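**Q** I have a structure here, written as C-alpha cells, and I will follow up with some questions on it.
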Amino acid sequence: MTDPTNVAPNAPLLFRDLDLGEPLLKALSDVGYESPSPIQAATIPHLLAGKDVLGQAQTGTGKTAAFALPLLARLDPAVNSPQALVLCPTRELGIQVAEAFQKYAAHLPGFRVLPIYGGQGYGPQLQALRRGVHVVVGTPGRIIDHLDKGSLDLSHLRTLVLDEADEMLRMGFIDDVEAILKKMPAVRQTALFSATMPHAIRRIAQTYLKDPVEVTIEAKTRTADNIRQRSWEVSGLHKLDALTRILEAEPFDAMIIFARTKQATDELAEKLQARGFSAAAINGDVAQAQRERTIEQLKTGKIDILVATDVAARGLDVDRISHVVNYDVPYDTESYVHRIGRTGRAGRSGEAILFIAPRERSMLRAIERATRQPITPMELPTVAAVNDVRIAKFKQQITDTLASGELAEFRKLIEDYEREMNVPAIEIATALAKLARGDVPLLMEPPKFEAKKRAFDRDVQAATDKFAKPSRFERGDRPERGERPERPAFPKKVREPRTPDEGKATFRIEVGYDHGVKPGNIVGAIANEAGLDAKHIGRIEIFEDHTLLDLPDGMPPDVMAHLKTVWCAGQQLRITRDGEAPDTAGKVPGKKPFGGKKPFGPKKDFGDRKPFGAKKPFAGKKPHRKGPRPE
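Using the numbering used here, read the sequence shown as starting at 12 and increasing by one per residue.
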C-alpha cells in the first residue's frame, strides 16, 4: 500500500479542475455543487487514473460522489452490461447510492443503474438485468443470489466499490463480501470505504486491493453550542404548509431557508410571497449585483426570509439571521454544518430546523454523529397555535395604530357613517378589519385530514392485524389429518358499498391479492415512500387485481402525483380516486402477474396417453439427424 495521506479540510479545487467531462459538471451545477469535499478532492483523481483506493471517512462526508463521479466519467455507454458494482450494507443505503448515480448521470443519455436488495421480488430485478444496466448497487446477500443464478453478468466489470465496509462486517456480511470478491474478474479496479479500519477490513484490503492509495479524512466537524438543532419528519402534511406554520408561530428575526436546486428556491420564494411573507431567492442564476441588493435588504430588514442554495449562501454573514431551515436535506454533513453556521453569529443564539423524510433518517443519524450533537424532534405548531399568534398580532396592530395618533379624520369619518347609515360602531370596525385583511383569511383552516384526529390513530401493525387473512385453524384446534374433502369453489370477492370516515376519501390502487400484496405492504409503501404518516391511512380492502383504501381527502396534487409512481409488490400503485376511470396504463391483458398463482381451468388434451407404468411401444429408431450412419 502507498503511504496514507491526511487531507487538509479545505481542498483548493473546483469540480471544473477535475477531468470529469461536461455532462457531469452540468449535473453538479444543477444541484449547486462547485467545490469537492475533502474526500472527493483526494479520491476522484486516483479513481479517474484507474488506481485502487482505500478510503477512511465518516458517513455523510460526500464519499458517494467521491466514487460515483469517476465511475460515471469512465463509463462506456455502448457496453450495455454492468461495468461497476457497489456493495452496500443496507437496502436504504443502496437506494440512496443508486439515486445519487441517477442524479449525477442526469445528462448522460441512456444511463441505467439498478439497486438490488433482499425483500424485493426477483421479477423486476431480473427484467432490468435482461434489459441491461451500466451500474449495479446491491446488498451482499442478494448479489450472491444473482451470481449463483447466473443472472448477474460481470464479464464487463471494471470497478468494484465496497461502501461502509465496517458496517458490513458488523452486520455479519463479511463472508458474503469475500465470496463476491472471489467471483470478480481478476482485472478490475477496487475501492473500499470504511469509517473505521478493524483488522478484518485491513485483511480484505491487503488481500484483494492492488497497491491502493490510502486516503484518510479526519472527523473534525462540530457545530456551535449556541445553535439549537431540531428536526420535523415529513408526513401527511405538505412541506410548504408545515413551513408556513413554523414561520407564523415561531418568533424569528431573519431566516435562511435552504433548498437543493435553483428552481426550487425560486418557486418556494414565490409561494411564500403569495402567503404574505417578505421573501426573496438567491441562487447561481442570480446576477451578482442583484445578489448584493438582496443581501443588503436582508441586513436592513426590508426582507426577512432568504431562500438559497448551498453555493449561493457561501460566505453569507448577516448577524440578524436567527433561524436556518433545511427545507431539503443536504447531500452531506459538511453542507449541513455550513448551512446552520449562518445563524448563531455575534454571540447570539441560533435555531436550526431540518425537514426530513422517513427514508432520510440515516442522513439524520450521520449529521448527529458528525456534529456530535443531538437533533431533537420538534412538534409542529398546531392550527390553533397559529391562529392564536395571528389573533395576537392583529390585536397588536390595532394597539400600535391607536398609539400612533393622527386618527382624527378617520374618527370623524366613522362617526358620520354611523349616524348616516344607522350602523353600530362595532359593525363598522368589523367591516374595516375584514377590509384590512384583504383576500388573506385571518384564521388558518385545518387540513381536511386533521379534522378528526382519532380517525387516523392507526399504524402499520394495526392495519396488518385488521386486514390480514385469518388462519384456517388456531394451533390448539387443528383437526386430525384424514381424507381431504373436495374444496368448494370460492366466488370472487364482491365489492360492498363503503363510506369513508370523516375527512377521508376512498382511493383505488392497481395492486391486489393476485400480486401477492398484503395490507402491511401497502401501508409501508405509502408511509415510507410517499412520506404519508401511517396513522393517516384508513380502511384497506384488497381485491384480486386492485385495492380500495381510505386516505386523507384533499391531499396536495404533488403527493397524489408521487403516489402514482410508488411501487408495491412489483406493481406501480397508479392511484386514482374511487369512481374515476382506473389508471391501467402499463398493464398487460391476460398476463399472469409476478408472484400470483396460475388460475385453475380445464387440463390440456394431449391425446391418447399410455397408462402409468406401462412401457411405450417400440416404434423403431428415429433416423439420425445427419442421415444413416456408415456401417
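Note that the Cβ used here is the ideal one computed from N, Cα and C, for glycine as well. The model shown is predicted, which means the values in this text are computed figures rather than measured ones.
#1: How about P100 and E178: do their beta carbons lie closer than 8 Å?
#2: If contact is defined by three or more beta carbon pairs under 8 Å, each pair taking one atom from either stretch, is the stretch 530–537 in contact with the stretch 569–582?
#3: Could you check which residue in P126, A516, L165 and L559 has the C-alpha nearest to that of R153?
#4: From E345 to E417, what distance separates their C-alpha atoms?
#5: According to the Cβ coordinates, are L96 and I55 closer than 8 Å?
#6: Is M566 helix, strand or coil by DSSP?
#7: Between which two residues does the beta strand (DSSP E) holding I154 run?
#8: Could you please give me the residues that DSSP links to E126 through a beta bridge?
#9: Can you round the beta-carbon distance between R519 and D569 to whole angstroms, since I take them to be within the 8 Å contact cut?
#10: Since H334 is in the beta strand (DSSP E), which residue starts that stretch and which ends it?
#11: DSSP state of P388, grouped into three classes?
#12: Looking at G32: is its Cβ nearer than 8 Å to the Cβ of A76?
#13: Within 10 angstroms of the Cβ of V198, are there 16 or more other Cβ atoms? Answer buried if so, exposed if not.
#14: Assign T510 to one of three DSSP states: helix, strand, or coil.
#15: Give me, in chain order, the residues of the same chain whose beta-carbon lies closer than 8 Å to that of Y428; leave out the 5 immediate sequence neighbours on both sides.
#16: If you count every other CB in all the chains shown that lies within 10 Å of the CB of V297, and 16 or more means buried, which is it?
#17: Out of curiosity, what's the CA-to-CA distance linking D187 and D87?
#18: Quick check on the burial criterion: 16 or more other C-beta atoms within 10 angstroms. Buried or exposed for G287?
#19: What separation, rounded to the nearest whole angstrom, lies between the Cα atoms of L424 and A436?
#20: Within this structure, are the beta carbons of A561 and P511 separated by less than 8 Å?
#21: Between the Cα of Q299 and the Cα atoms of A285, A280, I316 and V322, which residue gives the shortest distance?
#22: Thinking C-alpha only, which one of S48, T354, A79 and L283 is nearest L35?
#23: Three-state secondary structure (DSSP) at I228?
#24: With DSSP collapsed to three states, give me the class of T441.
#25: Three-state secondary structure (DSSP) at S166?
#26: Using only CA atoms, which one of V42, A53, A52 and K62 lies nearest to A117?
#27: Can the beta-carbon of P341 be found closer than 8 Å to that of R353?
#28: I'd like to check one pair, A290 with I316: are the Cβ atoms closer than 8 Å?
#29: Are at least three pairs of beta-carbons, each pair with one atom in the stretch 252–266 and one in the stretch 386–398, less than 8 Å apart?
#30: Quick one: which unbroken alpha helix (DSSP H) runs of 4-plus residues sit fully inside the stretch 81–129? Chain order, please.
#31: In whole angstroms, give me the CA-to-CA distance for A260 and N398.
#32: Looking at C-alpha atoms only, which residue of G130, Y133, G132 and V124 is the closest neighbour of H145?
#33: Taking the beta strand (DSSP E) that I351 belongs to, which residues open and close that run?
#34: What is the DSSP secondary structure of V534, counted as helix, strand or coil?
#35: Nearest to A285 by alpha carbon, out of R372, P452, Q407 and F421?
#36: Given T305, which residues of its chain have a CB within under 6 Å of its CB, disregarding the five upstream and five downstream residues?
**A** Judging by the given coordinates:
#1: Residue numbering aside, residue 100 sits at position 89 when the sequence shown is read from its first letter. Residue numbering aside, residue 178 sits at position 167 when the sequence shown is read from its first letter. Cβ atoms of P100 and E178: closer than 8 Å.
#2: yes
#3: As a working note, residue 153 is residue 142 in the sequence shown. Minimum Cα distance to R153 is reached at P126.
#4: Indexing the sequence shown from 1 puts residue 345 at position 334. Indexing the sequence shown from 1 puts residue 417 at position 406. One C-alpha to the other measures close to 54 Å.
#5: Position 85 of the sequence shown, counted from the first residue, corresponds to residue 96. Position 44 of the sequence shown, counted from the first residue, corresponds to residue 55. No. Outside cutoff.
#6: Here residue 566 refers to the residue found at position 555 when the sequence shown is read from its first residue. Coil, per DSSP.
#7: Your numbering for residue 154 matches position 143 in the sequence shown. From DSSP, I154 is part of no beta strand (DSSP E) but of the alpha helix (DSSP H) over P151 to K160.
#8: Against the sequence shown, residue 126 aligns to sequence position 115. First, the amino acid is wrong: residue 126 is Pro here, not Glu. Partner(s): V148.
#9: By one-based count along the sequence shown, residue 519 stands at place 508. By one-based count along the sequence shown, residue 569 stands at place 558. Not a contact, Cβ separation roughly 20 Å.
#10: The residue you call residue 334 lines up with position 323 of the sequence shown. Taken as a continuous stretch (DSSP letters only), the beta strand (DSSP E) holding H334 covers I332 to N337.
#11: By one-based count along the sequence shown, residue 388 stands at place 377. Note: P388 maps to strand in three-state DSSP.
#12: Here the question's residue 32 lines up with position 21 in the sequence shown. Here the question's residue 76 lines up with position 65 in the sequence shown. Not in contact: G32 and A76 (Cβ atoms no closer than 8 Å).
#13: Counting from one through the sequence shown, the residue named residue 198 turns up at place 187. Classification of V198: exposed, given that the 10 Å Cβ count is below 16.
#14: In the sequence shown, the residue the question calls residue 510 occupies position 499. Three-state result, T510: coil.
#15: Locating residue 428 in the sequence shown gives position 417, where the first residue counts as 1. Excluding sequence neighbours, Y428 sits near V434 and I439.
#16: Along the sequence shown, one-based indexing puts residue 297 at 286. Its Cβ being crowded by 16 or more others within 10 Å, V297 is buried.
#17: Locating residue 187 in the sequence shown gives position 176, where the first residue counts as 1. Locating residue 87 in the sequence shown gives position 76, where the first residue counts as 1. Roughly 29 Å separates the two Cα atoms.
#18: In the sequence shown, counting from the first residue as 1, residue 287 sits at position 276. Burial call: exposed.
#19: Stepping through the sequence shown from its first residue, residue 424 is reached at position 413. Stepping through the sequence shown from its first residue, residue 436 is reached at position 425. Taking the straight line from one Cα to the other gives about 11 Å.
#20: Mapped onto the sequence shown, residue 561 falls at position 550. Mapped onto the sequence shown, residue 511 falls at position 500. According to the sequence as given, residue 561 is Asp; it is not Ala. Yes.
#21: By 1-based counting over the sequence shown, the position of residue 299 is 288. The option with the nearest alpha carbon to Q299 is V322.
#22: One-based indexing of the sequence shown puts residue 35 at position 24. Nearest C-alpha to L35: A79.
#23: Within the sequence shown, residue 228 is the residue found at index 217, counting from 1. Three-state DSSP puts I228 in coil, outside helix and strand.
#24: Here residue 441 refers to the residue found at position 430 of the sequence shown. Three-state DSSP puts T441 in a helix.
#25: For the purposes of this step, residue 166 is taken as the residue at position 155 of the sequence shown. Looking at S166 - three-state DSSP - the assignment turns out to be coil, as it is neither helix nor strand.
#26: Sequence index remark: in the sequence shown, residue 117 carries index 106 (1-based). Comparing Cα positions, the closest option is V42.
#27: Position 330 of the sequence shown, counting from 1, holds the residue named residue 341. Position 342 of the sequence shown, counting from 1, holds the residue named residue 353. Their beta carbons are not under 8 Å apart, which means P341 does not touch R353 by this criterion.
#28: Residue numbering aside, residue 316 sits at position 305 when the sequence shown is read from its first letter. Residue numbering aside, residue 290 sits at position 279 when the sequence shown is read from its first letter. In contact: I316 and A290 (Cβ atoms closer than 8 Å).
#29: yes
#30: 102–115
#31: On the sequence shown, position 249 is the one that residue 260 refers to. On the sequence shown, position 387 is the one that residue 398 refers to. Their backbone Cα atoms lie some 9 Å apart in a straight line.
#32: Here residue 145 refers to the residue found at position 134 when the sequence shown is read from its first residue. The candidate whose alpha carbon is nearest that of H145 is V124.
#33: Position 340 of the sequence shown, counting from 1, holds the residue named residue 351. Counting along the chain, I351 falls outside any beta strand (DSSP E), though it belongs to the alpha helix (DSSP H) covering T344 to I351.
#34: The sequence position of residue 534 within the sequence shown is 523, counting from 1. It is helical.
#35: Taking the sequence shown and counting its residues from 1, one reaches residue 285 at position 274. Among R372, P452, Q407 and F421, the Cα nearest to that of A285 is on P452.
#36: For the purposes of this step, residue 305 is taken as the residue at position 294 of the sequence shown. Here the set comprises A291 and I293.
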